[in-house]
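What follows is a set of notes on a single structure, which appears directly below.
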Amino acid sequence: MSHLKELTLYLSIENRAVFVDGTHLYNKILIHMPQLRTFTFYIRTEIDVDNSVHWLSSNDIQQTFNKLQWQQVACIVNYSCGTGICHVFSLPFSFDRLDYIGNTFPHITFNRVTFLKVLDSVHLKHEFFIRIARAFPMLKEFMVLNCRSPLWFLDNKTIQLPYNQSHSIVEFPHLTSLNVRRADVYYVEQFLHAAKTYLPRLTKLEVDYTSLVTVTDNFTRDATRANCAKVKWLILEDILVHSSDVHLYFPSL
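Residue numbers (the numbering used here): 25 to 277.
Shown next as structure tokens:
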């Protein structure tokens, strides 16, 4: 492989003791490929973290790529649920999938990404989803997971959430699939409320049934009706038969 001139890598690595960084890539791969001129890559590393682990930042990882002066590189590091996740990738981002990013990511546009998975390590507010919509303009499939309930929304019986009416609506013009089954009810509200998010092509929805009942006010709430109108596939865990109210609220089922 010493004569290789082009290399593309897409890797997901779990249960490592340390993140894969620029030093690791150089010593294990690039030093053995002196003729390499094009290196397109995405590498995600997941490690278990506790108080004994030194928490590295995105800047710490970025500095390890100094030897790749001919290659633009970006990185994302986030910690949640006892796990550290590091993404390192070449620019422009050349792949269609990005998993487990948190509330911080570079100010770049991921034009090719159609599948995105977000892990809530902090409380993601409306402004975050505005950033997501702008950074991922071609998004078709979106999954949101969270480890904790937002501090302002701990009672699942409450559906009136704090919201600034001056905020612009989050628009996902290409989104067809939304998975919030393992997300707090707050995020179900964020996506289904038509004054907060515009989902003109949503046809597949995975959601917790209790959260759906809460947010739609038992399938009577007008504010969430529009984003449900075109859903053809409604995936509700442990619910085998939909009630007549569900079918009326989701007329495309």
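Beta carbons are placed, not taken as given, at the ideal position from N, Cα and C, and that holds for glycine.
Where residue 42 falls, given that 16 or more other Cβ within 10 Å makes a residue buried: exposed
Stretch pair the stretch 162–171 + the stretch 143–151: three plus CB contacts closer than 8 angstroms: yes
Closest to residue 96 by CA distance: which of 227, 130, 70 is it? 130
Relative to the alpha-carbon of residue 101, which residue among 114, 88, 84 has its alpha-carbon at the smallest distance? 84
Counting pairs of beta carbons, one from the stretch 27–44 and one from the stretch 52–69, are three or more of them closer than 8 angstroms? yes
With distance defined between alpha-carbon atoms, name the residue in 40, 118, 200, 110 nearest to residue 62. 118
Look at residue 164 and residue 199 and say whether their C-beta atoms are less than 8 angstroms apart. yes
My output table needs one value for residue 5: the three-state DSSP class, helix, strand or coil. What is shown of the chain runs 25 to 277, which leaves residue 5 out entirely.
Element boundaries [alpha helix (DSSP H), containing residue 153]: 150–159
For the candidate residues 193, 26, 210, whose alpha-carbon lies nearest to that of residue 224? 193
Can you check which of these residues, 196, 72, 229, 254, is closest to residue 159 by C-alpha distance? 196
Please name the residue, chosen from 235, 167, 78, 114, that lies closest to residue 125 on a Cα-to-Cα basis. 167
Can you tell me whether residue 114 is helix, strand or coil according to DSSP? strand
Taking the alpha-carbon of residue 161 as reference, which of 150, 120, 38, 149 has the nearest alpha-carbon? 120
Provide the residue span of the alpha helix (DSSP H) that contains residue 141, from first to last. Not the alpha helix (DSSP H): residue 141 falls in the beta strand (DSSP E), residues 139–144.
Return the CA-CA distance between residue 103 and residue 109, expressed in angstroms with no decimal places. 6 angstroms
What separation, rounded to the nearest whole angstrom, lies between the Cα atoms of residue 26 and residue 252? 55 angstroms
Which one of 216, 149, 35 has the shortest CA to CA distance from residue 128? 149
Measuring straight from C-alpha to C-alpha, what distance separates residue 207 and residue 153? 14 angstroms
Whole-angstrom distance between residue 276 and residue 227, CA atom to CA atom: 9 angstroms
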